[in-house]
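To convert a position in the sequence shown, counted from 1, into this note's numbering, add 399.
Glycine included, every Cβ here is placed at the ideal spot set by N, Cα and C.
These numbers come from a predicted model, not from an experiment.
To keep things clear, I will list the structure first and then write my remarks on it.
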Amino acid sequence: MFVSDTTTRSDNTYNGNSFIKNCLQCKMETIPYHPLLEVSEKEMEIVRRNLNLDVNTIKKNLDALEEWGRKQNHLAEAFKYLDRNMLERLHILGRGSLEMTKTRIDKLLTTRGMIPELCLNRSVDEFKDIAESINFIMLPKLNPKDQSRIILTKIINLENFSLLAYMRYSFMVYLGQS
């Protein structure tokens with residue numbers, strides 16, 4: 400659902416840093432290239448149509464969410480880490496409802512503050528054991544019926560499996576945190 404005007408699907412080069420940079424320059428007009436996840440313009444239009452959203456409405460809602468976030472004393476410090484792409488993602492997950500999105504953000508940032516070990520201070524090294532303990536597959540295309548993404552996880556080695564590491568990995572992958 401996140402769009403940028405610089406690196407598109409037709410660009411076959413991929414650099415994680417450039418993807419993040421391009422996502423931060425969100426223009427809501429084209430879809431950034433990602434080597435694993437595919438979202439077509441048509442799918443993006445379907446999701447937006449199903450939620451009765453257009454680009455202008457999304458921009459207006461994201462502005463309202465940013466203003467709301469700045470006014471929330473208990474969220475102000477953590478809210479600055481939510482860029483517009485993350486806000487749009489949370490808005491889509493909130494079915495285009497500002498109130499549902501605010502509730503989702505409040506819960507996410509409250510959880511992040513109460514249980515920081517789930518979201519903060521991650522390193523690649525900590526995920527080595529989890530990579531050897533699970534098979535994790537995120538299907539590249541959206542489900543055509545409801546534009547959801549199917550994610551499969553299978554535990555293959557219970558001895559090295561850490562629920563905390565898995566939850567940290569899940570937060571990172573599902574929420575697209577870098």
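Nearest to Leu497 (by Cα), restricted to the options Leu541, Thr456, Glu558 and Ile529: Start at 1 with the first residue of the sequence shown, and residue 497 comes out as number 98. Among Leu541, Thr456, Glu558 and Ile529, the Cα nearest to that of Leu497 is on Thr456.
For Leu551: DSSP bridge partner residues: Working through the sequence shown from its first residue, we reach residue 551 at position 152. Secondary-structure assignment with DSSP links Leu551 through a beta bridge to Ile536.
Contact under 8 angstroms by Cβ, Ile536 with Ala564: Mapped onto the sequence shown, residue 536 falls at position 137. Mapped onto the sequence shown, residue 564 falls at position 165. Going by C-beta atoms, Ile536 is not nearer than 8 angstroms to Ala564.
Cβ-based burial, Asn421 [other Cβ within 10 Å; buried from 16]: For this step, residue 421 is matched to residue 22 along the sequence shown. With a pLDDT of only 44 at Asn421, under 50, the local geometry of the prediction cannot be trusted, and no value is derived from it.
Inter-stretch contact at 8 angstroms, needing at least 3 Cβ pairs: the stretch 468–483 / the stretch 498–517: At 8 angstroms Cβ cutoff, the stretches touch.
Assigned exposure category for Leu551 - 16 Cβ within 10 Å defines buried: Counted from its first residue, the sequence shown places residue 551 at position 152. Leu551 is exposed by the Cβ-count criterion.
Residue of Leu541, Glu465 and Lys470 minimising C-alpha distance to Glu440: In the sequence shown, the residue the question calls residue 440 occupies position 41. It is Leu541 whose Cα lies nearest to the Cα of Glu440.
Rounded C-alpha distance that separates Glu516 from Phe560: Counted from its first residue, the sequence shown places residue 516 at position 117. Counted from its first residue, the sequence shown places residue 560 at position 161. Their backbone Cα atoms lie some 17 angstroms apart in a straight line.
Beta-carbon proximity check, His490 vs Leu474, cutoff 8 angstroms: As a working note, residue 490 is residue 91 in the sequence shown. As a working note, residue 474 is residue 75 in the sequence shown. Not a contact, by the Cβ cut-off of 8 angstroms.
Closest by C-alpha distance to Lys458, when choosing among Leu486, Asn534, Asp545 and Pro543: Taking the first residue of the sequence shown as 1, we reach residue 458 at position 59. The shortest C-alpha separation from Lys458 is found at Leu486.
Chain-order list of residues whose beta-carbon lies under 7 angstroms from that of Asn556 (same chain, five-residue window excluded): To locate residue 556, count along the sequence shown from 1; it is residue 157. Excluding residues within five positions, the ones whose Cβ falls inside 7 angstroms are Glu531 and Ser532.
Which residues DSSP lists as bridging Glu437, in chain order: Translated into the one-based positions of the sequence shown, residue 437 becomes position 38. Lys540, per the DSSP bridge assignment.
Simplified DSSP assignment, three categories, for Arg488: Within the sequence shown, residue 488 is the residue found at index 89, counting from 1. Secondary structure of Arg488 (DSSP, three-state): helix.
DSSP-derived helix/strand/coil call for Asn460: Counted from its first residue, the sequence shown places residue 460 at position 61. Three-state result, Asn460: helix.
Of the listed residues Glu442, Asp462, Met571 and Leu538, nearest to Val523 (C-alpha basis): As a position in the sequence shown, residue 523 is number 124, starting the count at 1. Taking the Cα of Val523 as reference, the smallest distance to any Cα among Glu442, Asp462, Met571 and Leu538 is reached at Met571.
Where Arg494 falls: helix, strand or coil (DSSP): Mapped onto the sequence shown, residue 494 falls at position 95. When secondary structure is reduced to three states using DSSP, Arg494 falls in the coil class, being assigned neither helix nor strand.
Which of helix, strand or coil DSSP assigns to Arg521: For this step, residue 521 is matched to residue 122 along the sequence shown. If DSSP states are grouped into helix, strand and coil, Arg521 belongs with coil.
For Tyr568, three-class secondary structure by DSSP: Here residue 568 is taken as the residue at index 169 of the sequence shown, counted from 1. Helix.
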